[in-house]
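Q:
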Amino acid sequence: MHTILEKKQFSRDVFYLRVAAPEIARQRKAGQFVIIQLDIDYGERIPLTIADADPDEGWIALVVQAVGATTIKLCRKEVGDSIAAILGPLGNPTHIAKVGKVVCVGGGIGTAPLHPIAQAYKHVGNEVIIIIGGRTKELVIFEEEMRKIADELIIVTDDGSYGRKALVTEPLKEICESAAPPQEVIAIGPPIMMKFCAATTRPFGIHTVVSLNTIMIDGTGMCGGCRVTVDGKTKFVCVDGPEFDGHKVDFDNMMMRMKAFKEREDHDRHVCRIGLSNGAS
Amino acid sequence: METENINTEHHYVPREELAKEAKTYWGELKDKELKMKDRAAIPIQEMPVLEPHARARLMDEVATGYTEEQARIEAERCLNCKNRPCVQGCPVGIPIPEFISCIQKGNFKASVDTIKTTNLLPAICGRVCPQEKQCQLVCTVGKMHKSVDKAVAIGRLERFVADWERNNNKTTIPPVAPDTGKKVAIIGSGPAGLAAAADIRRAGHAVTVFEAFHKTGGVMVYGIPEFRLPKDIVAKEVENLKKMGVKFETNFLVGRTATLEQLLQEDGFDAAFIGTGAGLPKFMNVEGENLIGVFSANEYLTRANLMKAYQEDKADTPLYPAKVVAVIGGGNVAMDAARMGYRLGADKVYCIYRRTRAEMPARAEEIAHAEEEGVEFCFLQNPTRFIGDKDGKVCAVEVLNYELGEPDASGRRSPVAIPGTEHQIPVDTVIVALGNSSNPLMAKTTEGLQVTKTGNIIVDENQKTSIPKVWSGGDIVLGAATVILAMGEGRKAAASINEYLAQ
Numbered sequence: 003m004h005t006i007l008e009k010k011q012f013s014r015d016v017f018y019l020r021v022a023a024p025e026i027a028r029q030r031k032a033g034q035f036v037i038i039q040l041d042i043d044y045g046e047r048i049p050l051t052i053a054d055a056d057p058d059e060g061w062i063a064l065v066v067q068a069v070g071a072t073t074i075k076l077c078r079k080e081v082g083d084s085i086a087a088i089l090g091p092l093g094n095p096t097h098i099a100k101v102g103k104v105v106c107v108g109g110g111i112g113t114a115p116l117h118p119i120a121q122a123y124k125h126v127g128n129e130v131i132i133i134i135g136g137r138t139k140e141l142v143i144f145e146e147e148m149r150k151i152a153d154e155l156i157i158v159t160d161d162g163s164y165g166r167k168a169l170v171t172e173p174l175k176e177i178c179e180s181a182a183p184p185q186e187v188i189a190i191g192p193p194i195m196m197k198f199c200a201a202t203t204r205p206f207g208i209h210t211v212v213s214l215n216t217i218m219i220d221g222t223g224m225c226g227g228c229r230v231t232v233d234g235k236t237k238f239v240c241v242d243g244p245e246f247d248g249h250k251v252d253f254d255n256m257m258m259r260m261k262a263f264k265e266r267e268d269h270d271r272h273v274c275r276i277g278l279s280n281g282a283s
Numbered sequence: 147m148e149t150e151n152i153n154t155e156h157h158y159v160p161r162e163e164l165a166k167e168a169k170t171y172w173g174e175l176k177d178k179e180l181k182m183k184d185r186a187a188i189p190i191q192e193m194p195v196l197e198p199h200a201r202a203r204l205m206d207e208v209a210t211g212y213t214e215e216q217a218r219i220e221a222e223r224c225l226n227c228k229n230r231p232c233v234q235g236c237p238v239g240i241p242i243p244e245f246i247s248c249i250q251k252g253n254f255k256a257s258v259d260t261i262k263t264t265n266l267l268p269a270i271c272g273r274v275c276p277q278e279k280q281c282q283l284v285c286t287v288g289k290m291h292k293s294v295d296k297a298v299a300i301g302r303l304e305r306f307v308a309d310w311e312r313n314n315n316k317t318t319i320p321p322v323a324p325d326t327g328k329k330v331a332i333i334g335s336g337p338a339g340l341a342a343a344a345d346i347r348r349a350g351h352a353v354t355v356f357e358a359f360h361k362t363g364g365v366m367v368y369g370i371p372e373f374r375l376p377k378d379i380v381a382k383e384v385e386n387l388k389k390m391g392v393k394f395e396t397n398f399l400v401g402r403t404a405t406l407e408q409l410l411q412e413d414g415f416d417a418a419f420i421g422t423g424a425g426l427p428k429f430m431n432v433e434g435e436n437l438i439g440v441f442s443a444n445e446y447l448t449r450a451n452l453m454k455a456y457q458e459d460k461a462d463t464p465l466y467p468a469k470v471v472a473v474i475g476g477g478n479v480a481m482d483a484a485r486m487g488y489r490l491g492a493d494k495v496y497c498i499y500r501r502t503r504a505e506m507p508a509r510a511e512e513i514a515h516a517e518e519e520g521v522e523f524c525f526l527q528n529p530t531r532f533i534g535d536k537d538g539k540v541c542a543v544e545v546l547n548y549e550l551g552e553p554d555a556s557g558r559r560s561p562v563a564i565p566g567t568e569h570q571i572p573v574d575t576v577i578v579a580l581g582n583s584s585n586p587l588m589a590k591t592t593e594g595l596q597v598t599k600t601g602n603i604i605v606d607e608n609q610k611t612s613i614p615k616v617w618s619g620g621d622i623v624l625g626a627a628t629v630i631l632a633m634g635e636g637r638k639a640a641a642s643i644n645e646y647l648a649q
């Protein structure tokens, strides 16, 4: 059992949860994720990236968007409530090296897992440019935290309600075209965003890392539910990833596979969302 | 569509009828002085099962177990041979004639206690062991009748006394030696880990079992379906280990949550046993394998078994709406997946296998059960690719016909493709059941741990690995094998660990 120590609401559907998990906090490195389960008998197992952690205080932070049966239930939990099971840290840590200039691109709640990675890149002495974006102002998160790390912070929104009215790929392209292009780009966000970030950097030959968040069950490599095609080969996101070379990922197949259970998910969301709006307001 | 449908005789006899026959027969038999030829003349007692058409839609256990009379009659078939070949045939060396002679005397409790001197999980082994390849293969009675199918039904008897004990609340917890102050970490709660945990705990050492999943039992909870091994039986066996003082840490992935080195150096474990199994599904690497609706058998069975997705009104884990299913492979996992297909609502299940029925690695009983339940076997065929529709969902399997050629290294005749015989089988779901390979996490996160090219941990004759204080056994050493072989290795490792800790 893992107690929720703090809860913040970032937007209507996006919440920040600080959760007691001493063993995971002790081990985790930037780029890793956990599998959580709200009920041991009937709950599903879902992956969430670790946004932050404190090994001394023994907590990890998760940023959750209420989109399906489990995330909606999780977002309804309050401080003092608990999460039945958390397994982690899972996946390979981000490969952090001093390369010079790094651009970190975060879209929506992808900005949360990007935070510890940007922090780690900065920590080893890179120049770090951070681009964060969201559909609209309230979906831009972690601005203050990112500002503390970034040598330059660029904020964009699809509708122009905050920062520059653009997609994240616009400033990314400008930086790639500039006199001092980056040595490395890391992009975390919706699959479509990562796909286009990779497409943006490809002509410039700039190494681009993406962090994939596919359907998962066990998260330890034993089912292959999370498999993706990378460089023509089948890889398991949970053990071979979650980070891959964005220029080699078959995003179209990945996005297609993520719709495998869409009918059931739509049904769950429809049923649950009514409950959430009643409970939250 | 070219499919070879084998019509074997369906000899389903209702449980009531078998029970009635046995009652009458036992009435005649019970007071007789039996000579060897009388024993040999007793017919083997058939296992009562649920009616095939009804059970194909039910998750209930298919084999319902012997009645008391059936067990007593079957026990009388044992000749109590002096040379006891059956004991050598058992990977954990159960004193088989002794436990059967207890049944002959009507002392079921003494019988199960006899089994438990070498096997703490008889309710499980009696159900899932391939006895026809182990204890029953070498049974003298079977040899006399020139048929392994007529050997004494040792597995069914083992199951009977284990179930009798549990159902009558007669379970006693085996004695545990006084605390030694030594601590042992068991990594993985599958059959190898549980067997090792029991033996090490009995010697008085503190034992903690680390399990990555939220439930203990390994393949016995995520893989083998409810209709073959009820999950409450696995839970009861684990409960008994807890009563012996074994501790369980679920949601703990050794290698990630803590490394093995941390357990040994920081957490004070004096020894460790790695029983992490062979859980990584193999795929075929053919076109279309990543289409929607193509699953590994592990994923398909984990969703259904461990995540209880078959209870759709309660479980959050979704099932894929599979109506026409093709299972690829011919092992027990393929049989489990195929039979699960009907239970999860499929209208049609095919099993595609590149050799013939004779070469299938699955147990004969499971193949027969699958057939009775309506699984259609497509022998001598193998997929060349999976074909998808415009939404990326699989809609057909393209297969090629094969014929059998010369025997290969395994002694089985190898399949040879017949060019130009490609044809399609329309399906909406494909389940790939081609076996599993070893989990690489321990090797990856443990410095100095030697593994083979295929990732199996290398051990000596006492199951000891290349690094000090660490033993290993089960599928992570053997490659994908059986529950009982894993338990045998767990016990061997436990004996070696106990010896090491006693020094």
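Order-wise, the sequence lines are chains A and B. According to our numbering, the residues represented by the first sequence are 3 to 283, in order. According to our numbering, the residues represented by the second sequence are 147 to 649, in order. Ideal placement from N, C-alpha and C gives every residue a C-beta, glycine not left out. As the structure is a computational prediction, the values presented were derived from the model and not from experiment.
With a threshold of 8 Å between beta carbons, is I319 of chain B in contact with chain A?
A: no
Q: Give me, in chain order, the residues of the same chain whose beta-carbon lies closer than 6 Å to that of A338 of chain B; leave out the 5 immediate sequence neighbours on both sides.
A: Cβ within range, chain order: G421, G619, G620, A632, E635, G636.
Q: Alpha helix (DSSP H) containing Q34 of chain A: first to last residue?
A: Annotation: Q34 of chain A is outside any alpha helix (DSSP H) and is labelled neither H nor E by DSSP.
Q: With a floor of 3 residues, list each beta strand (DSSP E) that falls wholly inside the stretch 369-429 of chain B, ordered by position along the chain.
A: 393-395, 417-420
Q: Counting beta carbon pairs with one atom in the stretch 462-472 of chain B and one in the stretch 262-270 of chain A, are three or more of them shorter than 8 Å?
A: Here the stretch 262-270 of chain A makes contact with the stretch 462-472 of chain B; the two share three or more CB pairs at distances below 8 Å.
Q: In the structure shown, what three-state DSSP assignment does Y18 of chain A receive?
A: strand
Q: Whose C-alpha, out of A:E245, A:K9, A:V126, is nearest the C-alpha of V21 of chain A?
A: A:K9
Q: Alpha carbon to alpha carbon, what distance is there between K197 of chain A and K175 of chain A?
A: 14 Å
Q: For Y158 of chain B, which option in B:L196, B:W172, B:T170, B:F532 has the closest C-alpha, if you only look at C-alpha atoms?
A: When each option's Cα is compared against that of Y158 of chain B, the closest is B:L196.
Q: Looking at the secondary structure, which residues open and close the beta strand (DSSP E) in which F525 of chain B lies?
A: It spans 522-525 - the beta strand (DSSP E) in which F525 of chain B sits, taken as one unbroken run.
Q: Thinking C-alpha only, which one of B:G350, B:L225, B:R559, B:A331 is nearest T405 of chain B?
A: B:A331
Q: Any contact between the stretch 53-68 of chain A and the stretch 372-380 of chain B? By contact I mean 3 or more CB pairs, one from each, below 8 Å.
A: no
Q: In whole angstroms, what separates the C-alpha of K393 of chain B from that of F246 of chain A?
A: Rounded to whole angstroms, K393 of chain B to F246 of chain A spans 38 Å at the Cα level.
Q: Beta carbon of C199 of chain A, beta carbon of G223 of chain A: below 8 Å?
A: no
Q: Output needed for G534 of chain B: all residues of its chain with C-beta closer than 7 Å, excluding positions within five of it in sequence on either side, in chain order.
A: So the qualifying residues of the chain are G434, L437, V540, C541.
Q: Determine the DSSP secondary structure at F359 of chain B, reduced to helix, strand or coil.
A: coil
Q: Determine whether the Cβ of R78 of chain A lies closer than 8 Å to any Cβ atom of chain B.
A: Contact of R78 of chain A with chain B is not assigned, every C-beta pair being separated by 8 Å or more.
Q: Candidates B:L340, B:G601, B:W172, B:R203: which alpha carbon is nearest E214 of chain B's?
A: B:W172
Q: Mind listing, in chain order, the continuous alpha helix (DSSP H) runs of no fewer than 4 residues lying wholly within the stretch 123-182 of chain A?
A: 145-151, 171-179
Q: Taking 8 Å as the CB-CB limit, is T44 of chain A close to chain B?
A: First, the residue type needs correcting, since residue 44 of chain A is Tyr and not Thr in the sequence shown. Cβ-Cβ to chain B under 8 Å: yes for Y44 of chain A.
Q: Report the residues of the stretch 219-243 of chain A with a CB closer than 9 Å to any CB of chain B, ordered along the chain.
A: I219, D220, G221, T222, G223, M224, C225, G226, G227, R229, V230, T231, K235, T236, F238, V241
Q: Taking Cβ-Cβ distances shorter than 8 Å, what residues in chain B pair up with G90 of chain A?
A: Think of a sphere of 8 Å around the beta carbon of G90 of chain A: the chain B residues whose beta carbon falls inside it are L399, R402, T403, in chain order.
Q: Along the chain, which unbroken stretches of the alpha helix (DSSP H) at least 4 residues long are found entirely within the stretch 192-217 of chain B?
A: Listed in chain order, the complete alpha helix (DSSP H) runs (minimum 4 residues) inside the stretch 192-217 of chain B are 198-201.
Q: Need the endpoints of the beta strand (DSSP E) that E635 of chain B sits in, please.
A: That residue, E635 of chain B, is in no beta strand (DSSP E); its alpha helix (DSSP H) goes 629-648.
Q: Applying a beta-carbon distance threshold of less than 7 Å, which residues of chain B neighbour Q39 of chain A?
A: H360
Q: Can you list, in chain order, the residues of its chain with a C-beta nearer than 8 Å to that of T111 of chain B? Leave out the 5 residues immediately preceding and following it.
A: Nothing can be reported for residue 111 of chain B: it is not among the residues displayed for chain B, which extend from 147 to 649.
Q: Counting only the same chain and skipping the five closest in sequence on each side, list residues whose C-beta sits under 7 Å from that of E267 of chain A.
A: Result list for E267 of chain A: G70, in chain order.
Q: Which whole-angstrom value is the C-beta distance of F144 of chain A and T113 of chain A, which I expect to be below 8 Å?
A: 5 Å
Q: Mind checking which residues open and close the alpha helix (DSSP H) that includes N101 of chain B?
A: Look at the range of chain B in this structure, 147 to 649, and you will see that residue 101 of chain B is not part of it.
Q: Please find out if some non-hydrogen atom of the ligand SAM comes closer than 7 Å to the beta-carbon of Y466 of chain B.
A: Annotation note on the ligand SAM: not contained in the displayed structure, which lists no ligands.
Q: Please report whether the beta-carbon of T72 of chain A lies at a distance below 8 Å from any beta-carbon of chain B.
A: Taking CB atoms only, T72 of chain A has a neighbour in chain B less than 8 Å away.
Q: Just to confirm the assignment, what range does the beta strand (DSSP E) spanning A331 of chain B have?
A: 329-333
Q: Kindly indicate which three-state DSSP category A468 of chain B falls into: helix, strand or coil?
A: coil
Q: By a C-beta neighbour count over all protein chains shown, 10 Å radius and 16 as the cutoff for buried, is H117 of chain A buried or exposed?
A: Burial call: buried.
Q: With C-beta atoms as the reference, is A432 of chain B less than 8 Å away from R531 of chain B?
A: One point to set straight first is that residue 432 of chain B is Val, not Ala, in the sequence displayed. Yes, they are a contact pair.
Q: Nearest to R312 of chain B by alpha carbon, out of B:V365, B:P565, B:V355, B:A381?
A: B:A381
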